[in-house]
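Visitor: Can you read through this structure? Questions will come right after.
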Amino acid sequence: MNSQQLTALAQSALDDLKAKDVTVIDITDKSSIADAMVIATGTSDRHVGALANEVVFQAKAAGEQPLGIEGESSSDWVLVDLGDVIVHVMTQKARDFYELEKLWSVKPSQREAGIAN
């Protein structure tokens, strides 16, 4: 599967279990580790774990073996590495604290100068 198909698979899995605020960030030009990040919010630690498990389940059903899963024991932030796509499932508290969207976005001063990362 290519990164667009993996991204769609992750979004579908997250939507199936009612994830909140699903966001896709294209990091092709910002990182060599992946092409995209999918970030989603779960309503509780248990919901976060269930969302991550659904992403893993649907990836395996499509013939894609996740390269790694981190944070399953804490469940306030679970990362599923699908190779070209990294899925972050977080509680609202963790998402507000880490602000991954802000971390991976273009800074306003660079945006105004027309410089893309």
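Start counting the sequence shown at 57; every next residue gets the next number (our numbering).
All residues carry an ideal CB built from backbone N, CA and C; glycine is no exception.
#1: With DSSP as the reference, label residue 128 as helix, strand or coil.
#2: Identify whether residue 69 lies in helix, strand or coil by the three-state DSSP scheme.
#3: For the candidate residues 142, 103, 131 and 123, whose alpha-carbon lies nearest to that of residue 76?
#4: Considering residue 123, what are the terminal residues of the beta strand (DSSP E) in which it resides?
#5: Is it the case that the segment 65 to 75 contacts the segment 121 to 135, given that we only count it when at least three CB pairs across the two stretches are under 8 Å?
Guide: Here's the rundown:
#1: The sequence position of residue 128 within the sequence shown is 72, counting from 1. Residue state, collapsed to three classes: coil.
#2: Position 13 of the sequence shown, counted from the first residue, corresponds to residue 69. Looking at residue 69 - three-state DSSP - the assignment turns out to be helix.
#3: For the purposes of this step, residue 76 is taken as residue 20 along the sequence shown, with counting starting at 1. The shortest C-alpha separation from residue 76 is found at 103.
#4: Walking along the sequence shown from the start, residue 123 turns up at place 67. The continuous stretches of beta strand (DSSP E) do not include residue 123, and DSSP gives it neither H nor E.
#5: no
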